[in-house]
Amino acid sequence: MFNSGNARRQIGLVKKRILQQIELTQQLLFNYEVHAESPVFTQLNDDEITSFRHDLTDARLQLLSLYSKIQQLHDDWSIARKADPKEEETHHD
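Positions -2 to 90 (this note's numbering) are the ones given, in order, by the sequence shown.
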């Protein structure tokens, strides 16, 4: 049986982790002195570019994993809301 309280709690935890990962990614850009809006890499040597690429790939994979988790939780809760009118009421509270 679907537990909406547990799902909401999990969504909250994953949302918090997404926000933390976004902060870590922003810190990564800051550490490498790369601006997200207009990235320039001339200040980085070859080893730094390789490290940056690796770190950025890891950050991207973390965000994608968290997004997949929160999307699955949302989908599960949407199905439960359609199946049980009480869940829909909980959603609107």
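Each residue gets a CB set at the ideal place from its N, CA and C atoms; glycine is no exception.
All values derive from a computational prediction rather than experimental measurement.
(message) Considering just the uninterrupted stretch of the alpha helix (DSSP H) at L41, what are its terminal residues?
(response) Careful: L41 lies outside any alpha helix (DSSP H) and carries neither H nor E.
(message) What does the alpha-carbon distance come out to for the pair K12 and I67?
(response) 7 Å
(request) Could you tell me how far apart the beta carbons of L63 and I8 are, in whole angstroms, since I believe they sit closer than 8 Å? (result) For a cut-off of 8 Å, the C-beta gap from L63 to I8 is around 11 Å, too long to register as a contact.
(request) Return the CA-CA distance between A33 and L41, expressed in angstroms with no decimal places. (result) 15 Å
(request) In the DSSP assignment, find the alpha helix (DSSP H) that holds S1 and state where it starts and stops. (result) Where S1 is concerned, the enclosing alpha helix (DSSP H) stretches over S1 to N28.
(request) Can you have a look at A77 and say buried or exposed, based on whether 16 or more other CB atoms are within 10 angstroms of its CB? (result) With 16 or more other Cβ atoms inside 10 Å of its own Cβ, A77 counts as buried.
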